[in-house]
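Reading the sequence shown from the start, the letters are residues 1 to 164 in full-length UniProt numbering. From the three backbone atoms N, C-alpha and C, an ideal C-beta is built for every residue, glycine too. Given the structure is predicted, the values throughout are model-derived calculations rather than measurements. Below is one structure, written out as structure tokens; comments come after it.
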Amino acid sequence: MEKKKNFLDYLKELDSILVHQEASNWREAIRISCEPLIKQNIVESKYYDSIISNVRRNGPYFVLKDNFAMPHASSRNRVKAVGFSLVTFKSPVYFEGDDRPVRLFLTIASTSAKEHVTLMLPQIVEVFSSQENITKIIAAKNKEEIIAIIESTKFATQTFKDYL
């Protein structure tokens, strides 16, 4: 039987953690956060365009709190497999119409709404609902430190199966 994965397993497997990136605007930050998923063939390059279109149409709906955004688009928008990228930025990125700074992007690719809501979201909430965890992840010097921070949470012992 295949081992059930959690979102950290995907980050490690896809090597999709990028630390202290630089972006001149929110569009570039989203492009950078999508690159690991495109490179690993998790999403088509048009997935980036879908996220940008959604922001233009709906505003930055995925900026959940200061310094944390969770970019994503519908699974019908060029998603081939489940995947995540986690990207920190040296300087805050700002979205039009939203004055909250964002330095941590957790970009999600999900093949179904059930996966997204039932399986992924509880794990993500476990780690990123804590402003302290967000601050530590942004300050991390490398991806190994980020992995250690995530592993130190209650989340570390859970898999998608635990949420069914």
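Check, Outcome
"Hey, quick one: how far does the alpha helix (DSSP H) through residue 167 stretch, first residue to last?", "No answer is possible for residue 167: it lies beyond the span of the chain, which begins at 1 and ends at 164."
"Hey, quick one: how far does the beta strand (DSSP E) through Pro-92 stretch, first residue to last?", "83–95"
"Based on the DSSP secondary-structure assignment, which residues constitute the bridge partners of Ala-69?", "Val-63, Phe-105"
"Can you tell me where the beta strand (DSSP E) with Ile-17 in it begins and where it stops?", "17–21"
"Buried or exposed: where does Arg-56 fall if 16 or more other Cβ atoms within 10 Å of its Cβ makes it buried?", "exposed"
"What is the rounded straight-line gap between the Cα of Asn-54 and the Cα of Tyr-94?", "16 Å"
"Note the first and the last residue of the continuous alpha helix (DSSP H) segment covering Glu-144.", "143–151"
"Where does Arg-100 sit, in a helix, a strand or coil, going by DSSP?", "strand"
"Can you give the Cα-Cα distance for Phe-128 and Phe-68, rounded to whole angstroms?", "8 Å"
"Pull up the CB-CB distance for Lys-80 and Val-43, whole angstroms please, since I reckon it's below 8 Å.", "6 Å"
"Do Gln-123 and Asn-6 have their C-beta atoms within less than 8 Å of each other?", "yes"
"Grab me the residues of Ser-16's own chain with a C-beta within less than 8 Å of its C-beta, minus the 5 sequence neighbours each way, in chain order.", "Tyr-10, Pro-36, Leu-37, Gln-40, Gly-83, Phe-84, Ser-85, Leu-86"
"For the alpha helix (DSSP H) containing Asn-25, name the first residue and the last one.", "No alpha helix (DSSP H) holds Asn-25; DSSP gives it neither H nor E."
"Straight-line CA distance for Ala-139 to Lys-46?", "31 Å"
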